[in-house]
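Residue numbers (full-length UniProt numbering): 1 to 138.
Have a look at the structure below before the remarks.
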Amino acid sequence: ANFYWESLCEVSLELKNQCGELWEDIIAVTCTTIRGSYICVDKDGESLRDLILWLDKRETVDMEPIKMTTKLLFNLIGMGEAVELQRKVSACNWIKTYEPEIWDKTYKYLLLSGYLNYKLTGKFIDSCANMIGHIPFD
C-alpha cells in the first residue's frame, strides 16, 4: 500500500511543479481507486502486509465453518452456494486463516481508497462510491 501512497505523492509533486500558479486554484481533491484491493493496518494506520489486489485469485479452503443455523437460513433463501463461494474468495478470510498473526494485529481492514484517504486526512474514512458489497462497512 505504501507504493501507492508514495506514487500518489510523487505524481502530485510533479503536477504541482508543472502547473505553476494554477496549483493555488485547487480547492478540493477526490480519491478513487481500483476497487477490491485490500489492506490491513494497525492502530497507527501502518500497513501490516502487502496489499491484496482485486485480481488475486487465492482461495481459502480451511476456514472455520459457519453456524449450522446460519447455513440453513442462507440455503432457505437460495444463497447458500453464493455465500460459501464468497467466503472462499474473500481476502479477509484468507488472511485470517493463513496469516492469523497479521489478522490479530489488524485494527482496520481497508480498501485501497480508504487507506489513501487515511494518509491524506488522518481519518479512517471513505466514500460509499468506493465501497463494494464484498465486505461490511459502516
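The beta-carbon is built from N, C-alpha and C at its ideal position, and this holds for glycine as well.
- Around the beta-carbon of Asn117, 16 or more other beta-carbon atoms lie within 10 Å, marking it buried.
- When rounded, the separation of the alpha-carbon atoms in Ser127 and Gly20 is 30 Å.
- Looking at Gly122, Leu111, Cys9, Tyr115, the one whose alpha-carbon comes closest to that of Trp54 is Leu111.
- Unbroken beta strand (DSSP E) stretches of 3 residues or longer found wholly inside the UniProt domain "Carbohydrate kinase FGGY N-terminal" (4-125): 38-41, 108-111, given in chain order.
- Here DSSP, grouped into helix, strand and coil, assigns Ala129 to helix.
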